[in-house]
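Protein chains in written order, with this note's numbering: chain A, 256 to 576; chain B, 276 to 542. These notes are about the structure you will find just below.
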Amino acid sequence: MRIELPSQISAHTIENFLSNTSFFGGGAAARTLVFHPQFNKIEPFGIAMLAAWADWCVANGVLVVTENGQAPGTVYLQRMGLFDHLPRDVGPAAITHHDETGRFVALRKISTQRDLDAFVVDIAPMLHRPENIRAVIYCLSELTRNVLEHAGSAAYACAQHYPAGQRVAVGIADCGIGVRQSLSRAHAPKSDEEAIVTALKPGVSGTTLTTYGSADNAGLGLFYTRAVARASEQYFSIVSGTAAYRLNRSQGDRPLTRNPEDDKHKLLRNLPLWKGTVVSVDIGTSTEADDFDELLAAVGEVATTSTTQAPRIRPKIRFTP
Amino acid sequence: MTAAVFIEIGQMTGAVAQDKDTARRVRLEHVLPALKKGARIVLDFSAVNLTTQSFVHACISEAFRTYRDTALDLCEFKGCNPSIRNLVTTVIEYSMNVGELMAKPAVRLTSTDVPQADNLDRVRVVLEALARGDNTHHQIVERTGYSRRHVDYRLHSARVLGLVKMSKAALALTELGQKLVRTTVGSEFEREVLEAAILGSVILQRLVPDLLDDDDPAAVEVARRITKRAGLSPATAARRARALISWRRRVATPQIQLFKGDETDAD
């Protein structure tokens, strides 16, 4: 069974990529992953997907071979570590090693909290833009921890800085149970798209019906991540099962609300199955350090609004220097 | 006077406090025990540059949901930069607002609100009868072999748990009730649904908000609350308290209890 990749895999073209690429059809038949002859761009979420899928194939006895491994963009994939997971039909290209600092975070498989701790430690010096390190670390931490807690599988993560586009793109993928099954323990989503939309709302956790979750989980990770992308007018996408949600970059004057469907977005249905979940978030780099602090305050304001019918409590908290 | 408890978060986590396992340990080993004793607690974030909402939630949400104003009085957050301060504020605010909803039900509790069935597995048998289409008391009695009185107790408990809707016209499973009957008996999924039902029950959260906490609520204390809040006699309240404690045992551990056949329903 042949899986033909497009020349570009990006958040902007995600609909085309997802609609025309079937990773999990074909049963146990061998897969040939074909790189487009002009393959020249792939964003982190695509790399994470390919790595997660490749390891899933190994674990499930599905043979994978690649074709057109000499296409121009595959050198980048080698630097990002994808060919530690995928075979390559030609020998490794000679790579000129560049300083990774400020450029990218290579692919990492994260199976435990210790792996995640090490990953976070490695991120900071690699992305030496202090005004957006915190936002990147925040999103990577929340999204990866989500996988470890809810997906029942390892997370595959990487990041890339695009100076011209003034953004950092983060991609995390897994071949776990997916959002719908994760939520079904406490909720009853009728479809993958309903599950995704539900999961994006604040206070929805797969561990309990109680709003704002259990002692360990609040169900706010995806909400915060979506808000970070939204604040810097960048893409945010989540793929799970046969559905995907992609936040548009420009929201105009729309305020952030609890409902992801209030935002300008695309909700894709009936896609070829992805077994698990993929999250792609772009974080703008033209922001100042204070912007992240203000963003957290603004997001918190929305998260704590209208949760009950009772008068809202604004507690007086003891903060000391 | 109980000594204050000082927790240096940065020493445990480094500059990025994002390990939820550590947050959980802080909560269970330091925050909750301190509040239970009435001790002041200082959470020092001076050495932390960045944290996540998830970390803060795992660290303190339950404390503020349970202890509310007491937690506000006793907890101090030291050395928080603006982003950490924002996250702490958010977590405390939604935790206390959720707790407020649970502390003040729409109607005052009456004696008839307190569940009587003490065997959740037998409650489930009644739900399964409903799932098969038996939607009158008579049909459920015929199906299960339980007495009418015990069917009533079990349906009432199911209503308190949000598993059954009752109206003059008919009985029906709620969405949560449907979810429960689809799980395998004794499975982790079943346990999780029952846990969600208990946590989502306004009546139970009014009576025993700590029913599923790590520390066993004492039956004597539960009985006292039932007497005070629902007006039951001490003897009746004691029986109902034992029933609720048996629910906790059924739900708070992953495996089905070995002694489930030994319990009988209250009169």
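Idealized CB from N, CA, C, for every residue including glycine. Since the structure is predicted, the reported quantities are computational estimates derived from the model, not experimental observations.
- Residue environment: residue 313/A is assigned as exposed (fewer than 16 neighbouring CB atoms within 10 Å of its CB, all protein chains considered).
- For secondary structure counted as the beta strand (DSSP E) over 3 or more consecutive residues, the segment 442-508 of chain A holds these complete runs in sequence order: 491-496 and 498-502.
- Taken through DSSP and simplified to helix, strand or coil, residue 337/A comes out as helix.
- Counting only residues of its own chain and dropping the five nearest sequence neighbours on each side, residue 454/B has a CB closer than 8 Å to the CB of 468.
- Residue 323/A and residue 290/A have their C-alpha atoms spaced approximately 5 Å apart.
- In terms of CA proximity to residue 366/B, 336/B leads the group 336/B, 394/B and 389/B.
- In the displayed model, residue 411/A falls within a strand according to three-state DSSP.
- Contact of residue 473/A with chain B is assigned, a C-beta pair being separated by under 8 Å.
- Put simply, of 400/B, 513/B and 497/B the residue whose alpha carbon is nearest the alpha carbon of residue 421/B is 400/B.
- When Cβ-Cβ separations below 8 Å define contact, residue 392/B makes no contact with chain A.
- As the crow flies, the alpha-carbon of residue 556/A is around 25 Å from that of residue 438/A.
- Close to residue 548/A, with beta-carbon spacing below 7 Å, are these residues of chain B in chain order: 357, 358 and 361.
- Using a Cβ-Cβ cut-off of 8 Å, residue 489/A does not count as an interface residue toward chain B, since no Cβ of chain B sits closer than that to its own.
- Look at residue 417/B: its C-beta is not under 8 Å from any C-beta on chain A.
- Here the alpha carbon of residue 416/B sits roughly 15 Å from the alpha carbon of residue 447/B.
- For residue 464/B, the secondary structure class from DSSP, reduced to helix, strand or coil, is helix.
- A residue is called buried when at least 16 other Cβ atoms come within 10 angstroms of its Cβ; residue 344/B does not meet this threshold and is exposed.
- Cβ neighbours of residue 397/A within its own chain (closer than 7 Å, five residues either side excluded): 476, 479 and 480.
- For residue 319/B, the enclosing beta strand (DSSP E) starts and ends at 316-319.
- For residue 411/A, there are no neighbours in chain B by C-beta distance under 8 Å, as the nearest C-beta there is about 18 Å away.
- For residue 319/A, the enclosing beta strand (DSSP E) begins and ends at 319-322.
- For residue 370/A, the secondary structure class from DSSP, reduced to helix, strand or coil, is helix.
- A contact between stretches requires three or more CB pairs, one per stretch, nearer than 8 Å, and the segment 352-365 of chain B fails this requirement with the segment 387-406 of chain B.
- In this chain, residue 396/B is not harboured by any beta strand (DSSP E); it is covered by the alpha helix (DSSP H) spanning 395-406.
- Here DSSP, grouped into helix, strand and coil, assigns residue 311/B to helix.
- Within chain B, no C-beta atom comes nearer than 8 Å to that of residue 374/A; the closest sits roughly 10 Å away.
- In terms of Cβ geometry, residue 317/B and residue 351/B form a close pair [threshold 8 Å].
- For residue 466/B, the closest Cβ of chain A is not nearer than 8 Å.
- At the C-beta level, residue 410/A and residue 427/A come within 8 Å of one another.
- Your pair residue 402/B and residue 439/B checks out as a contact, with CB atoms roughly 7 Å apart and the cut at 8 Å.
- Among the CB atoms of chain B, none fall inside 8 Å of the CB of residue 286/A.
- For residue 508/A, the closest of 486/A, 500/A and 490/A by C-alpha to C-alpha distance is 486/A.
- Of the residues assessed, residue 371/B falls on the buried side of the cut-off, its CB having 16 or more other CB atoms within 10 angstroms.
- When Cβ pairs closer than 8 Å are counted between the two stretches, the segment 442-460 of chain A is seen not to touch the segment 315-330 of chain B, the count staying below three.
- Taking C-beta separations shorter than 6 Å and ignoring five residues to either side along the sequence, the partners of residue 339/B in its chain run 346, 367, 370 and 371, following chain order.
- Per DSSP, the beta bridge partners of residue 326/B are 292/B.
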